[in-house]
Structure formats: structure tokens, C-alpha cells
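Step one of this worksheet: look at the structure below.
Numbering (the working numbering), first residue to last: 125 to 847.
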């Protein structure tokens with residue numbers, strides 16, 4: 125295959141430029157993956173660079189896998205020699221080879237958030253630190269933020285009078301020391317430790333500069349400070365670097381992404397060539413016009429204008445609802461109508477929202493209307509208890525210093541080693557300055573019962589036995605032996621019940637996963653499997669083969685596309701979300717909406733609700749300012765006058781009942797908020813109305829209210845709020 129064929133003029137120019145620095149502004153749906161694929165293939169076929177000297181960095185395993193498979197279509201099996209992976213995966217492999225220079229072993233463990241929180245809790249307890257009003261997760265989030273801006277424990281200066289900062293200062297240093305004792309790194313360390321290596325060991329930097337002679341970076345607008353420095357350091361020798369991205373899709377500042385990295389790329393590489401990909405292959409022109417009208421209001425952006433050879437297509441549809449239940453019902457009705465009239469499938473739809481909390485009502489209404497759905501961002505397979513237990517065994521076998529993993533599994537399945545014994549072992553290990561695993565060898569110094577000692581010895585012998593078997597068995601065979609030796613199958617079978625059967629099925633699925641891993645990897649090892657699992661994301665696990673409506677946050681949808689996109693919750697305070705008052709934060713919210721719009725191929729529904737229940741309070745919420753940024757000729761209002769809610773909660777259509785049913789929970793209302801005739805009030809089901817008459821007093825008073833949606837109704841006072 126010829127990598128210069130099938131490209132539009134702008135794509136062709138970008139692919140043919142092989143020397144020096146290149147910046148490719150790739151608008152949504154403009155074929156950036158295609159350009160990266162063709163460019164890598166052209167580099168190889170042209171003989172410019174050997175495959176093993178090319179580094180291509182992405183942000184998700186899914187994107188990396190797609191890029192590799194596409195390159196393979198052009199160049200065949202030599203594609204496997206190209207270094208393609210996420211930032212974290214590339215750094216993890218680098219550290220496997222070089223981390224001993226920093227005092228770790230190559231068998232280090234990558235701690236996920238759950239293990240990080242457990243470690244934070246441990247150091248807090250050991251140091252007798254009082255958390256006051258904060259949680260271990262609060263501390264961890266603050267530490268991660270500091271790491272993303274390259275602020276170490278020793279450099280961090282707490283803000284005066286900030287209680288959280290004072291606690292973070294104490295915990296940060298203890299946490300880092302504990303990570304090293306456990307021979308473990310967190311996700312931030314995967315990026316920071318290579319920088320530390322490059323700084324302290326110039327020979328290592330030169331080695332990787334020589335290896336990576338041509339560097340390509342996808343989604344460059346999402347890079348943070350450490351990622352920018354990693355690429356900058358590696359590219360300094362050859363200066364052959366191609367970055368691809370779209371500043372209009374920069375939506376991750378909350379995790380350290382810096383939009384200035386792409387906007388200021390020309391300052392760091394003055395010799396760079398700039399290309400713009402503006403032809404969109406995904407969406408109709410009406411969708412692109414709306415998206416462009418919105419994002420054009422941002423000041424901090426590179427100017428570009430998306431266009432398409434497709435038709436104008438359908439107008440965007442605005443859904444105007446009374447409350448979140450009515451909103452969800454109208455969305456369900458629109459989905460059903462699309463399926464009936466346009467013969468669409470459920471998997472053609474995605475419902476996008478700003479916060480995960482919004483999914484609850486949507487799920488409830490979709491279930492009642494028999495609409496199948498999948499949630500991206502729910503409990504991931506590798507986070508289920510039984511899977512985490514087995515992974516903890518894997519971790520302790522590869523890394524005996526991993527106290528967090530050992531604590532998790534020393535008493536599971538039950539073997540007579542309880543919490544009290546574990547606490548004594550931990551205290552002994554702490555006083556001796558040794559790992560928990562090493563403490564198991566000092567039973568003669570501990571006053572345990574013969575039965576407890578016997579259980580600990582049996583546990584240690586079992587671990588030693590399976591460790592030895594690693595030398596003679598394949599990874600797939602060894603895993604099955606380990607699970608058999610642990611007695612997990614018999615444990616869950618004896619436990620019985622539906623939950624135990626589900627856990628057993630998940631264990632079998634883990635074995636299937638390991639089997640597939642062994643088939644696809646050239647040299648499958650336990651360490652490489654653990655690395656793969658540690659770096660999985662929600663999107664990597666998402667499967668679009670299932671015929672179901674997808675529900676996900678706007679952040680999760682980046683990089684995906686659907687026939688029909690529904691963006692719900694378009695109200696001020698929700699989208700845009702109430703954050704700080706800075707222009708920077710507001711513009712990112714606008715970019716987030718832009719990302720949602722540009723996921724759609726054919727149709728978009730935009731929904732808002734007049735009132736919403738937020739933190740137990742009924743609040744009137746005006747439409748999002750972003751809706752007003754789309755010209756009126758591009759939007760039509762949904763023809764549905766009401767949503768259709770099946771099940772116990774009543775529909776939003778007018779009803780004969782004069783008093784609201786008692787299963788509707790009353791809104792929270794201050795005792796001082798007296799309701800008087802002539803006042804406007806809000807009801808969870810019927811929306812906004814004016815009080816006409818009042819009979820009685822207090823929360824049980826009967827109010828005659830003229831609702832805008834359904835006319836006069838008599839409502840018990842406790843079920844409404846003044847607006």
C-alpha cells in the first residue's frame with residue numbers, strides 16, 4: 125500500500141514533511157489518526173527512519189492499539205518494532221530497564237488509586253496525623269496536583285493559614301518514602317522518575333535520545349508539564365518531532381494538562397512547519413456550524429474553521445424539560461422515535477453529561493422504558509474485589525516489598541490470620557524497618573498462638589512454592605495453578621448464592637484475559653501483564669459491539685463518535701459547571717461542550733430543564749449560555765410536549781389527581797420561607813406555577829397552584845419551594 129494515497133491536499137503536505145519539527149492542528153474528525161498512520165508508514169517505506177527508532181505517543185491504550193494495527197496494514201510485521209504506546213506505558217517500560225539507578229528494583233509495583241489511598245491512610249496512622257475535616261483522597265488529590273506541576277515534597281510551601289496544605293506538607297514526604305519502601309510507584313511517578321533519571325544520569329538520556337530519532341505525539345493539547353519536558357528532552361538531539369492536536373479540544377486542565385504546550389509549540393521549536401487539517405469527515409455541516417459558532421467565542425485559541433463535503437443534514441433539536449425526570453423521559457422518547465422512524469440501533473446513541481451524578485435519573489427512566497444502556501466509567505472489571513485480590517497475589521509474588529498488596533491477601537481466603545495478628549506483624553515490621561513479608565520470617569520473636577504460627581508458615585510456604593513454579597510453567601499455566609492452590613473456586617462455590625457465582629465467573633474471565641494476553645504478546649510475563657492492567661482506562665474497556673445506548677461524561681467521550689449525540693443538563697451552573705470565575709476555566713467548559721457536539725455524525729439533541737434537585741434543594745436553572753451561542757436557524761425545538769415515564773413515578777402529562785402523591789419526596793425548605801398567594805413556586809414534577817389559593821397552614825397546607833405545564837392543581841405545601 126502507498127502511504128501517500130487517499131489523502132486530501134492538507135493531509136498529504138503534513139505526511140510528506142519528514143524533517144524537523146512539525147505542528148499539525150487537526151480539527152475534530154479531520155483524520156488525525158490517518159495522518160499519523162500514513163506518516164509512520166511513509167517514514168519506514170521511504171527508508172528515512174528505521175522502525176525501532178520511531179516513537180509514537182498516544183493518550184489511551186485504545187488509540188495506541190488502533191494506530192499500531194493501521195501501521196501494520198501498510199508495513200506488515202515490522203510495525204511491531206515501532207515504539208507505540210501511551211505516555212505512561214512508554215515510561216513504565218523505560219523504568220523497567222533503568223529504575224535500579226534510582227534505588228528501586230525492576231519488579232516495582234504500579235499503585236492504582238485504591239492502593240495509593242491505602243498507603244496514604246497507613247502513613248497517616250503511623251505518624252499520628254489528625255486529618256481534621258479532610259480525607260485520605262483529598263490529600264492524594266493535592267499531592268497529585270503538586271506532582272503534575274513538578275513540585276516535590278521538599279519544595280512544597282504551604283499557603284499561609286491553609287489547613288489542608290499543612291497536612292499535605294507532612295504527608296507528602298512520608299508518602300513518597302513509603303512508596304519507595306514498598307518498591308512501588310504511582311501514576312505521577314511513572315512520568316516524574318524518567319525525568320529524574322535524565323537529570324541525574326545524562327548517559328541514560330543520551331541512550332534514549334539516540335534510540336528515538338523521530339517522535340510523534342497525538343493529542344498534544346492534553347500534555348501536562350512532565351509530559352512536555354519528557355518529549356522536549358528526548359527530541360533535543362534530532363529535533364525530528366511531529367505533534368498533532370486540537371487546542372479546541374483541550375479539556376483536562378484539572379489533571380494538569382496545559383493548553384499553552386500546543387499554542388506555544390512554535391516558540392520552543394521556531395523552525396517548525398505548521399499544518400491545519402480543517403476538512404471534517406465525521407459530521408454534517410449543520411453540526412459543524414453549531415460547534416464552530418460556540419468555540420469561536422474563546423479568546424485563547426488558534427483560528428481554524430471546520431468544513432465538510434457532506435450535506436447540511438438535520439437541524440439540532442432542543443429539548444425543553446421541566447425537571448430532570450421530565451428531561452430523561454423526553455430523551456427516552458426521542459430515542460424511541462429515532463429507532464422507529466429511522467431504523468436506528470440503540471448503539472447509535474450516546475447520552476453525554478457533565479457529571480457522573482446525572483446518570484442516576486437517566487438510568488432509572490431508560491430502565492422503565494426498556495431501553496438497554498451501558499455506562500462508561502462504572503466499576504471496571506479489574507476493580508472488582510475478586511480480581512483485585514488475585515492481582516494483589518500477583519503483585520506480592522513479583523514484588524515482596526509490596527506491603528499494601530500483602531495486607532490485602534494475607535487473610536483471604538480465610539486462613540486463620542486475623543486483624544490482630546496483622547497489626548502485630550505491621551508493628552514489628554515498622555520497628556525493625558523491614559517489609560511485612562520479611563516480618564513473616566521472625567515468628568519466634570512474636571507471641572502468636574501455635575495455630576496462628578502454623579497458618580502464617582503455611583501461607584509463606586504456599587507463596588514460595590508458586591514462586592518456584594514460575595520458572596517451569598508458562599504464565600497461563602502458572603496462573604491456573606495459583607488460583608487452584610489458593611482454593612478460590614472451592615471457596616466461592618461453598619459460599620453459594622448469586623454474588624458468589626458472579627465472582628467465580630469473573631475469576632474465569634480473568635483467566636480468559638490472561639490467555640488472550642499470552643497469545644498476543646511476544647514474551648508474556650507476569651510483570652508485563654500487571655503493567656498492562658495497571659494502565660487500563662475506562663475507554664480501553666468500553667465495547668461498542670453491544671446494542672445499547674452509551675452513557676458517559678463529556679470527558680470520557682473524547683475521541684469517540686456516534687450517529688446521534690444527546691447532551692443533557694445544558695443549564696447554567698451545570699454546563700458550564702460552577703468552578704472558579706476565571707476566563708480560563710470558563711473557556712475550558714466551552715471546549716468541553718464543543719467536544720460533545722463534534723462527536724455526532726448525523727444528529728444532536730440538546731436538553732435543559734427549568735428546575736433541578738441539587739443537593740436536596742429545588743433550584744430554578746436558566747439555560748446554558750452555550751445554547752445561546754448557536755444561531756436560532758440551526759436549532760428546532762422538540763415536538764414532544766411531554767415525556768413518557770413508565771413505572772411508579774407518574775408521567776409529566778396533566779393528571780386528574782388534585783393532590784400530589786406522597787411517594788414524591790418533599791423538597792427541603794426553610795421554616796421561614798412562608799408561601800403566600802401570588803408567589804411563584806417550583807414542584808419536582810409539575811415545574812413552575814403561581815399560588816392562587818391557600819387552605820390551612822404549615823407544611824400540610826393545601827395550595828391551589830396554576831402550573832405553566834398543566835394548569836391548576838392542588839398540592840400539599842411541603843412538596844413545593846418558593847422561586
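Just so it is clear, CB atoms sit at the ideal spot from N, CA and C, and this is done for glycine as well.
Bear in mind that the values here come from a model prediction, so they are computed numbers and not experimental data.
Counterpart residues of residue i in DSSP-defined beta bridges
i: residue 207; result: 179
i: residue 485; result: Beta-bridge pairing links residue 485 to no other residue.
i: residue 733; result: 445
i: residue 697; result: 701
i: residue 233; result: 308
i: residue 747; result: 695
i: residue 339; result: 179 and 365
i: residue 727; result: 688
i: residue 127; result: Note: residue 127 sits in no beta bridge, so no partner.
i: residue 826; result: 819 and 840
i: residue 807; result: 811 and 844
Residue interval of the alpha helix (DSSP H) (run including residue i)
i: residue 162; result: 156 to 169
i: residue 674; result: Looking at the DSSP string, residue 674 is not in any alpha helix (DSSP H); the run it does join, the beta strand (DSSP E), is 673 to 677.
i: residue 350; result: 349 to 359
i: residue 561; result: 560 to 563
i: residue 614; result: 612 to 619
i: residue 400; result: It is not in any alpha helix (DSSP H) - residue 400 instead sits in the beta strand (DSSP E) that spans 397 to 401.
i: residue 574; result: 574 to 593
i: residue 760; result: Looking at the DSSP string, residue 760 is not in any alpha helix (DSSP H); the run it does join, the beta strand (DSSP E), is 759 to 761.
i: residue 387; result: 384 to 387
i: residue 710; result: 707 to 721
i: residue 517; result: 509 to 522
Exposure of residue i, with buried meaning 16 or more beta-carbon neighbours within 10 Å
i: residue 404; result: buried
i: residue 99; result: Outside the shown range of the chain, which is 125 to 847, sits residue 99, and nothing can be said about it.
i: residue 770; result: Low per-residue confidence applies at residue 770: pLDDT is 44, beneath 50, and the placement is therefore not dependable enough to give any value.
i: residue 93; result: The first residue shown for the chain is 125 and the last is 847, placing residue 93 beyond what the model contains.
i: residue 725; result: buried
i: residue 761; result: exposed
i: residue 398; result: exposed
i: residue 125; result: exposed
i: residue 456; result: buried
i: residue 603; result: buried
i: residue 676; result: buried
i: residue 794; result: Because the pLDDT at residue 794 is just 38, under 50, the model does not fix this residue reliably, and the point stays unresolved.
i: residue 830; result: exposed
i: residue 229; result: exposed
i: residue 322; result: buried
Start and end residues, beta strand (DSSP E) containing residue i
i: residue 543; result: Taken as a continuous stretch (DSSP letters only), residue 543 belongs to no beta strand (DSSP E), being part of the alpha helix (DSSP H) at 543 to 556.
i: residue 815; result: 811 to 819
i: residue 444; result: 440 to 445
i: residue 835; result: 835 to 840
i: residue 369; result: 365 to 369
i: residue 866; result: This structure leaves residue 866 out entirely; the chain is present only between 125 and 847.
i: residue 497; result: 497 to 499
i: residue 269; result: No beta strand (DSSP E) holds residue 269; the alpha helix (DSSP H) holding it covers 260 to 272.
Presumed contact (8 Å Cβ cut-off) between residue i and residue j, rounded CB distance
i: residue 700; j: residue 748; result: 7 Å
i: residue 187; j: residue 342; result: 6 Å
i: residue 290; j: residue 753; result: Rounded, the Cβ-Cβ distance is 43 Å, inconsistent with contact.
i: residue 351; j: residue 315; result: 6 Å
i: residue 730; j: residue 443; result: 7 Å
i: residue 347; j: residue 382; result: 7 Å
i: residue 803; j: residue 746; result: Contact flag wrong, Cβ pair sits at about 19 Å.
i: residue 345; j: residue 682; result: Contact flag wrong, Cβ pair sits at about 11 Å.
i: residue 812; j: residue 836; result: 14 Å between Cβ atoms; not a contact.
Proximity to residue i [Cα-Cα], best of the options
i: residue 194; options: 134, 315, 164 and 530; result: 164
i: residue 848; options: 702, 462 and 508; result: The question about residue 848 has no answer, for the chain in this structure spans 125 to 847.
i: residue 170; options: 305, 142, 279 and 607; result: 142
i: residue 583; options: 496, 689 and 567; result: 567
i: residue 190; options: 177, 210 and 175; result: 210
i: residue 646; options: 598, 631, 619 and 693; result: 598
i: residue 571; options: 308, 549, 497 and 448; result: 549
i: residue 375; options: 756, 836, 718 and 815; result: 718
i: residue 156; options: 818, 751, 400 and 379; result: 400
i: residue 629; options: 641, 638, 613 and 618; result: 613
i: residue 460; options: 218, 492, 310 and 356; result: 492
i: residue 336; options: 137, 362 and 722; result: 362
i: residue 437; options: 827, 759, 658 and 806; result: 759
i: residue 497; options: 183, 821 and 483; result: 483
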